[in-house]
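In the numbering used here, the protein residues as written are 11 to 76.
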């Protein structure tokens with residue numbers, strides 16, 4: 011419904027997809043680092059927590075925008 015490009019749901023979808031686009035490569039990197047080393051060091055665990063936070067944020071934003 012014409013908002014002149016100022017549709018909040020559209021912006022929410024854009025930010026949700028950006029959050030998911032940031033999270034998934036980090037999660038894949040963590041998976042490969044864990045497989046390579048056997049157990050992640052604390053730095054990898056911090057990145058994992060950040061990736062899961064971005065992933066959850068993206069999913070929540072997308073869920074609420076539809």
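Glycine is no exception: its CB is placed at the ideal position from the N, C-alpha and C atoms.
For residue 70 and residue 52, the rounded distance between their alpha carbons: By 1-based counting over the chain shown, the position of residue 52 is 42. By 1-based counting over the chain shown, the position of residue 70 is 60. Each residue's Cα considered, the two are about 27 angstroms apart.
Buried versus exposed, by CB contacts within 10 Å (16 or more), residue 64: To locate residue 64, count along the chain shown from 1; it is residue 54. The residue in question, residue 64, is buried, as its Cβ has 16 or more Cβ neighbours within 10 Å.
Three-state secondary structure assigned by DSSP to residue 17: The residue labelled residue 17 in the question sits at position 7 within the chain shown. Coil.
Backbone CA spacing between residue 37 and residue 17 [nearest angstrom]: For the purposes of this step, residue 37 is identified with residue 27 of the chain shown, where counting begins at 1. For the purposes of this step, residue 17 is identified with residue 7 of the chain shown, where counting begins at 1. The alpha-carbon atoms of residue 37 and residue 17 are separated by roughly 31 angstroms.
For residue 19 and residue 42, the rounded distance between their alpha carbons: Working through the chain shown from its first residue, we reach residue 42 at position 32. Working through the chain shown from its first residue, we reach residue 19 at position 9. Whole-angstrom Cα-Cα distance: 35 angstroms.
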